[in-house]
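Counted from 1, the sequence shown has number 217 at position 217 by our numbering; the numbering is strictly sequential.
Data first, discussion second: the structure below is written as C-alpha cells.
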Amino acid sequence: MSRTVNGSAQTPGPVLAAYRYCESITGLEARNFAYGIRLLPAAKRQAMSALYAFSRRVDDIGDGDLAPAVKQERLDETRALLGRVREGAVAYDDTDPVAVALTDAARRFPIPLDGLDELIDGVQMDLRGESYETWDDLAAYCRCVAGAIGRLSLGVFGTVPGVRGAERAPEHADTLGLALQLTNILRDVREDAASGRTYLPANDLAKFGCSEGFGSATPPPGADFAGLIEFEVRRARSLFASGYQLLPLLDRRSGACVAAMAGIYRRLLDRIAADPEAVLRGRVSLPGREKAYVAVRGLAGFDTRRAARRRV
1 MSRTVNGSAQ TPGPVLAAYR YCESITGLEA RNFAYGIRLL PAAKRQAMSA
51 LYAFSRRVDD IGDGDLAPAV KQERLDETRA LLGRVREGAV AYDDTDPVAV
101 ALTDAARRFP IPLDGLDELI DGVQMDLRGE SYETWDDLAA YCRCVAGAIG
151 RLSLGVFGTV PGVRGAERAP EHADTLGLAL QLTNILRDVR EDAASGRTYL
201 PANDLAKFGC SEGFGSATPP PGADFAGLIE FEVRRARSLF ASGYQLLPLL
251 DRRSGACVAA MAGIYRRLLD RIAADPEAVL RGRVSLPGRE KAYVAVRGLA
301 GFDTRRAARR RV
C-alpha cells in the first residue's frame with residue numbers, strides 16, 4: 001500500500017486520510033488510549049489508531065440498540081471484512097477508511113490479526129448474555145476483549161532486539177489487558193447493571209453478599225460491598241504487577257506509551273480502592289493533570305526501571 005519514490009517510502013493520500021479518520025475516532029472515543037499513544041512515533045501511533053477504530057466498531061455493534069439478530073449479522077460482516085484485511089484484499093482507495101488503515105498497518109507491522117477475531121468472539125459472548133461463575137470463566141472473556149488487544153498492540157510495539165525474556169512478551173501483554181479490563185469492570189458495575197449485565201464472578205458476589213446486583217447508588221442491604229471491591233482490587237493489582245513485566249522488553253517510547261495507559265488505569269483502581277461506593281454513584285475518572293503526571297512518569301522510565309528490578 002505504501003510505495004517507494006527516490007528511495008523513500010511514501011504513503012498514498014487516501015491511506016493518510018484513512019489514518020487521520022482513525023485518529024479522530026480515537027481522540028473522540030478513547031481519551032485515555034489517545035493520551036497514551038501520543039507518546040509513540042507517527043507510524044506506530046497511526047497503526048494503534050487503526051486497531052482502536054476497528055475494535056471500536058466491534059464494540060459499538062455489541063453495545064448498540066439493534067436487535068440481537070441484526071447485531072450478529074453485523075458481526076459476521078465485520079469478521080468477513082477482517083478476512084479481507086488479513087488477505088491484503090483491501091485497496092488503498094477503498095471506501096472504508098478503517099479497513100484501509102488497518103490493512104496498511106498490518107503490512108507495516110507483524111500484527112496478529114487473529115486477536116480481532118477473539119474480540120468479535122468476546123462481543124458474541126455478550127450477545128448471548130453469558131455470565132461468569134468463577135474468575136477463570138471471567139478471565140477467558142477478558143482475554144478475548146482485552147488480552148487480545150494487548151497482544152495486537154505488541155505486534156505494533158515489538159520488543160527490543162535480543163532482550164532477555166522476549167518470548168514471554170505476549171503473555172505479559174495479555175495479563176496487562178486482563179488488569180485493565182478488570183479495572184473497567186469495577187468502574188462500570190453500576191452502568192453495566194443498568195444494562196442488565198453483571199461481569200464479576202458469581203462466586204465472588206455470593207461470597208460478599210452482593211448477588212442481588214448493583215441497581216442503586218448504595219450497596220445491597222447486608223452486603224459487604226467494600227470487601228468485594230477490596231478482593232477484586234487485590235486481584236487486579238496482582239495482574240498489573242505481572243503485566244508490568246512487559247515494560248523492560250519494549251523500546252523507550254513504546255514502554256512509555258504502555259506505562260501511561262496502564263498507569264492511568266492503575267490510578268483509577270487506587271481511587272476505587274479508596275472509595276469503593278464511588279463506582280455506584282457515578283463514573284470514576286482522573287483529571288487531566290494527573291494523566292499528564294502519569295505520562296511524564298512513563299517517559300522518565302520510572303515504571304520500566306521498577307519492573308526491571310523485579311525481574312532480576
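Glycine included, C-beta positions come from ideal geometry on N, C-alpha and C.
**Request:** Figure out for me which residue from L280, L268, R306, G282 has the closest Cα to the Cα of G288.
**Result:** Per the Cα distances, L268.
**Asked** Nearest CA to the CA of L180: which residue from A223, V100, Y265, R164?
**Response** Comparing Cα positions, the closest option is Y265.
**Prompt:** Are V156 and L51 touching if we call contact CB-CB under 9 Å?
**Reply:** By the CB criterion at 9 Å, V156 and L51 fall inside the cutoff.
**Message:** Let's see if you can read the secondary structure: which residues bound the alpha helix (DSSP H) around L286?
**Reply:** Per DSSP, L286 lies in no alpha helix (DSSP H) segment and is marked neither H nor E.
**Asked** Got a sec? Which residues, its chain only, sit under 7 Å from P112 by beta carbon, not counting five neighbours each side?
**Response** Around P112: R151, L152, G155.
**Request:** Would you check if the stretch 271-286 and the stretch 165-182 touch, i.e. whether three or more CB-CB distances between them fall below 8 Å?
**Result:** Taking 8 Å as the limit for Cβ pairs, the verdict is that the stretch 271-286 does not touch the stretch 165-182.
**Prompt:** DSSP three-state call for C142: helix, strand or coil?
**Reply:** The answer is helix: DSSP assigns C142 an H, G or I state.
**Item:** Cβ separation of D104 and V15, assumed to be a contact under 8 Å, to the nearest whole Å
**Value:** Rounded, the Cβ-Cβ distance is 5 Å, consistent with contact.
**Request:** Take A69 as the anchor and find which of F109, Q124, R38 has the nearest alpha-carbon.
**Result:** Taking only the C-alpha atoms, the option nearest A69 is Q124.
**Request:** Counting only the same chain and skipping the five closest in sequence on each side, list residues whose C-beta sits under 7 Å from that of E212.
**Result:** Counting only residues of its own chain and dropping the five nearest sequence neighbours on each side, E212 has a CB closer than 7 Å to the CB of P220.
**Request:** Could you pull out every residue in the same chain whose Cβ sits closer than 8 Å to the Cβ of D117, ignoring the five residues on either side in sequence?
**Result:** Cβ within range, chain order: R79, L82.
**Item:** Contact belief for A202 with Y141 at Cβ below 8 Å, rounded distance in angstroms
**Value:** Contact between A202 and Y141 fails: their C-beta atoms lie close to 13 Å from each other, not under 8 Å.
**Message:** Beta-carbon within less than 6 Å of A53's beta-carbon, same chain only, minus the 5 sequence neighbours each way: which residues are those?
**Reply:** The residues are C22, I25, V98.
**S254 in three-state terms, based on DSSP** = Reduced to three states, the DSSP call for S254 is helix.
**Item:** V312 - DSSP class collapsed to helix/strand/coil
**Value:** Confidence in V312 is poor, its pLDDT being 49 and thus under 50, which makes the residue's placement unreliable; the coordinate value appears in the next sentence. When DSSP states are grouped into helix, strand and coil, V312 belongs to the coil group.
**Item:** Buried versus exposed, by CB contacts within 10 Å (16 or more), P41
**Value:** Flag for P41 reads exposed.
**Request:** For the alpha helix (DSSP H) containing F240, list its first residue and its last residue.
**Result:** 225-243 is the extent of the alpha helix (DSSP H) around F240.
**Request:** Counting only the same chain and skipping the five closest in sequence on each side, list residues whose C-beta sits under 6 Å from that of N44.
**Result:** One detail in the question is off: residue 44 reads as Lys in this sequence, not Asn. V156, listed in sequence order.
**Item:** Nearest neighbour of L249, chosen from H172, L66, S216 [CA to CA]
**Value:** Comparing Cα positions, the closest option is H172.
**Prompt:** Which of helix, strand or coil does DSSP assign to D192?
**Reply:** D192: helix per DSSP, three-state reduction.
**Request:** Measure the C-alpha to C-alpha separation of Y199 and S254 and round it to an integer number of angstroms.
**Result:** Roughly 31 Å separates the two Cα atoms.
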